[in-house]
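Novice: Here it is: the structure, laid out below.
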Amino acid sequence: MAIAHFTMQGKGGIGKTFVAAILAQYISSTLDENGKLAVVDTDPVNATLSQYNAFEVEHLAIQDKDSTRINERNFDQLIEQMADAPDTQFVVDNGAASFVPLSNYLIENTAIEMLLDMGREVWVHPVITGGQGMLDTLNGLAQLIDQMPKTVKIVVWKNTYFGDIEQNGKPFEQMAVYKKHADRIHAVVEIPKYSADTYGIDIEQMLQQKRSFAQAVESPGFGLMSRQRLKNAQRDIFERVSEVLS
Numbered sequence: 171m172a173i174a175h176f177t178m179q180g181k182g183g184i185g186k187t188f189v190a191a192i193l194a195q196y197i198s199s200t201l202d203e204n205g206k207l208a209v210v211d212t213d214p215v216n217a218t219l220s221q222y223n224a225f226e227v228e229h230l231a232i233q234d235k236d237s238t239r240i241n242e243r244n245f246d247q248l249i250e251q252m253a254d255a256p257d258t259q260f261v262v263d264n265g266a267a268s269f270v271p272l273s274n275y276l277i278e279n280t281a282i283e284m285l286l287d288m289g290r291e292v293w294v295h296p297v298i299t300g301g302q303g304m305l306d307t308l309n310g311l312a313q314l315i316d317q318m319p320k321t322v323k324i325v326v327w328k329n330t331y332f333g334d335i336e337q338n339g340k341p342f343e344q345m346a347v348y349k350k351h352a353d354r355i356h357a358v359v360e361i362p363k364y365s366a367d368t369y370g371i372d373i374e375q376m377l378q379q380k381r382s383f384a385q386a387v388e389s390p391g392f393g394l395m396s397r398q399r400l401k402n403a404q405r406d407i408f409e410r411v412s413e414v415l416s
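First residue of the sequence shown: 171, per the working numbering; consecutive thereafter.
Structure, rendered in structure tokens:
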């Protein structure tokens with residue numbers, strides 16, 4: 171079955187592309203010989219996912235030629251690709267700059283409903299984070315859930331890199347925003363929090379080099395223990411993703 175995975179959140183710099191890269195790597199590792207994966211980067215400002223070469227990435231041009239204006243009509247190409255590929259899984263990384271235009275497009279054109287009617291599955295992966303961006307990402311999550319059709323599977327990714335996701339001593343699962351929307355949330359995936367001095371440095375280096383886990387593990391640029399830690403991190407993260415997507 172064709173499945174479309176969208177990473178969406180209105181705030182930038184919180185790990186959406188990391189989540190998209192994880193999804194692309196995990197799905198790629200589980201495909202059979204007939205399975206297909208399409209990875210699309212719609213970020214007009216920071217097209218980070220397009221810089222990966224571990225998987226083929228299409229950068230969707232959504233700005234008018236010779237202009238910085240985002241033309242929502244340019245999303246037609248993406249939806250038509252999904253409609254024409256019944257055996258393909260899509261991972262779409264949506265940047266902060268394209269969040270509102272893509273959301274508007276999907277809602278006003280009932281694009282998700284059309285895909286669902288065609289037998290496709292649509293999954294939306296919003297990221298929430300700790301630290302200063304917590305309230306912004308929680309508000310963005312609530313708005314996103316309210317906008318999406320109830321048949322969309324929503325997977326919340328908790329990124330604690332900038333701090334714990336707590337409000338008045340309560341974790342996310344005890345917050346009002348979660349309780350209000352619990353019936354709409356398909357799953358919650360917490361990105362593992364590792365030691366900053368070991369795993370943290372290795373993962374950051376991997377991300378800076380735009381490498382997949384598999385590429386980093388095979389790279390002579392990473393030491394023996396760095397490669398071992400990255401193997402561990404990949405296993406931990408993939409196990410969590412497997413529980414949700416399998």
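Idealized CB from N, CA, C, for every residue including glycine.
Mind reading off the beta-carbon distance from Thr181 to Gly303? Whole number of angstroms is fine, and I expect it under 8 angstroms.
Specialist: Taking the first residue of the sequence shown as 1, we reach residue 181 at position 11. Taking the first residue of the sequence shown as 1, we reach residue 303 at position 133. Residue 181 is actually Lys in this sequence, not Thr. Confirmed, Cβ separation roughly 5 angstroms.
Novice: Rank Met345, Tyr331 and Phe260 by C-alpha distance to the C-alpha of Gln337 and give the top, closest one.
Specialist: Sequence index remark: in the sequence shown, residue 337 carries index 167 (1-based). Among Met345, Tyr331 and Phe260, the Cα nearest to that of Gln337 belongs to Met345.
Novice: Does the beta-carbon distance from Val359 to Phe176 come in below 8 angstroms?
Specialist: Position 189 of the sequence shown, counting from 1, holds the residue named residue 359. Position 6 of the sequence shown, counting from 1, holds the residue named residue 176. Not closer than 8 angstroms, so no.
Novice: What would DSSP say about Asp353, mapped onto helix, strand or coil?
Specialist: As a first step, residue 353 must be located in the sequence shown, where it is residue number 183. Looking at Asp353 - three-state DSSP - the assignment turns out to be helix.
Novice: If you draw a straight line from the alpha carbon of Ala190 to that of Asp263, how long is it in whole angstroms?
Specialist: Taking the first residue of the sequence shown as 1, we reach residue 190 at position 20. Taking the first residue of the sequence shown as 1, we reach residue 263 at position 93. Ala190 and Asp263: Cα-Cα distance of roughly 6 angstroms.
Novice: Could you check whether Asp257 and Asn204 sit closer than 8 angstroms to each other, using their CB atoms as the reference points?
Specialist: Locating residue 204 in the sequence shown gives position 34, counting from the first residue. Locating residue 257 in the sequence shown gives position 87, counting from the first residue. Yes; because the gap between Cβ atoms is below 8 angstroms, this pair is in contact.
Novice: So what's Gln179 in DSSP terms, helix, strand or just coil?
Specialist: Position 9 of the sequence shown, counted from the first residue, corresponds to residue 179. Three-state DSSP puts Gln179 in coil, outside helix and strand.
Novice: Within this structure, are the beta carbons of Thr307 and Gln179 separated by less than 8 angstroms?
Specialist: In the sequence shown, counting from the first residue as 1, residue 307 sits at position 137. In the sequence shown, counting from the first residue as 1, residue 179 sits at position 9. In this structure, Gln179 lies closer than 8 angstroms to Thr307 by Cβ.
Novice: Quick check: what's the CA-CA separation for Gln398 versus Gly333?
Specialist: Position 228 of the sequence shown holds residue 398. Position 163 of the sequence shown holds residue 333. So the alpha carbons of these two residues sit roughly 26 angstroms apart.
Novice: Go ahead and pull the three-state DSSP assignment for Glu374.
Specialist: Residue mapping note: residue 374 aligns to position 204 of the sequence shown, counting from 1. Glu374 falls in the helix class under three-state DSSP.
Novice: From which residue to which residue does the alpha helix (DSSP H) around Glu291 run?
Specialist: Locating residue 291 in the sequence shown gives position 121, where the first residue counts as 1. Not the alpha helix (DSSP H): Glu291 falls in the beta strand (DSSP E), residues Glu291 to His295.
Novice: Specify the secondary structure class of Glu336 as computed by DSSP and reduced to three states.
Specialist: Numbered from 1 along the sequence shown, position 166 holds the residue referred to as residue 336. In this structure, Glu336 counts as strand in the three-state DSSP scheme.
Novice: If you follow the beta strand (DSSP E) that Gln195 is in, where does it begin and where does it stop?
Specialist: The count along the sequence shown starts at 1 and reaches residue 195 at position 25. No beta strand (DSSP E) holds Gln195; the alpha helix (DSSP H) holding it covers Lys186 to Thr200.
Novice: In three-state terms, what does DSSP make of Thr299?
Specialist: Locating residue 299 in the sequence shown gives position 129, where the first residue counts as 1. Looking at Thr299 - three-state DSSP - the assignment turns out to be strand.
Novice: In its own chain, which residues sit with a C-beta less than 6 angstroms from the C-beta of Ala312, not counting the 5 before and 5 after it?
Specialist: Residue 312 sits at position 142 when you count from the first residue of the sequence shown. Once the five neighbours on either side are set aside, the close Cβ partners of Ala312 are Val347.
Novice: Along the chain, which unbroken stretches of the alpha helix (DSSP H) at least 4 residues long are found entirely within the stretch 218 to 299?
Specialist: DSSP runs (the alpha helix (DSSP H)) wholly in the stretch 218 to 299: 246 to 253, 266 to 278 and 281 to 287.
Novice: Between Ile418 and Ala281, is the Cβ-Cβ spacing less than 8 angstroms?
Specialist: Nothing can be reported for residue 418, as the shown portion of the chain is limited to 171 through 416.
Novice: CB Ile326 to CB Ala174, shorter than 8 angstroms?
Specialist: Walking along the sequence shown from the start, residue 326 turns up at place 156. Walking along the sequence shown from the start, residue 174 turns up at place 4. Note that residue 326 is Val in the sequence shown here, rather than Ile. No, the pair does not count as a contact, with Cβ atoms beyond the cut-off.
Novice: Throw me the rounded Cβ distance for the Val270 and Leu193 pair, which I believe falls under 8 angstroms.
Specialist: Stepping through the sequence shown from its first residue, residue 270 is reached at position 100. Stepping through the sequence shown from its first residue, residue 193 is reached at position 23. The pair is not a contact, with the Cβ atoms about 22 angstroms apart (cut-off 8 angstroms).
Novice: Considering only DSSP beta bridges, list what Val359 is partnered with.
Specialist: As a first step, residue 359 is located in the sequence shown; it is residue number 189 there, counting from the start. Val359 pairs with Trp327.
Novice: Comparing C-alpha positions only, which one of Met284, Gly393, Arg243 and Gln259 sits nearest to Asn274?
Specialist: As a working note, residue 274 is residue 104 in the sequence shown. The candidate whose alpha carbon is nearest that of Asn274 is Arg243.
Novice: Identify, in the order they occur along the chain, each residue of the same chain with its Cβ nearer than 6 angstroms to the Cβ of Asp234, setting aside the five sequence neighbours on each side.
Specialist: Locating residue 234 in the sequence shown gives position 64, counting from the first residue. If we look at Asp234 and ignore the five residues flanking it on each side, its Cβ neighbours are Asn241.
Novice: Which residues share a DSSP beta bridge with Ala208?
Specialist: Counted from its first residue, the sequence shown places residue 208 at position 38. Note: Ala208 sits in a beta bridge opposite Phe260.
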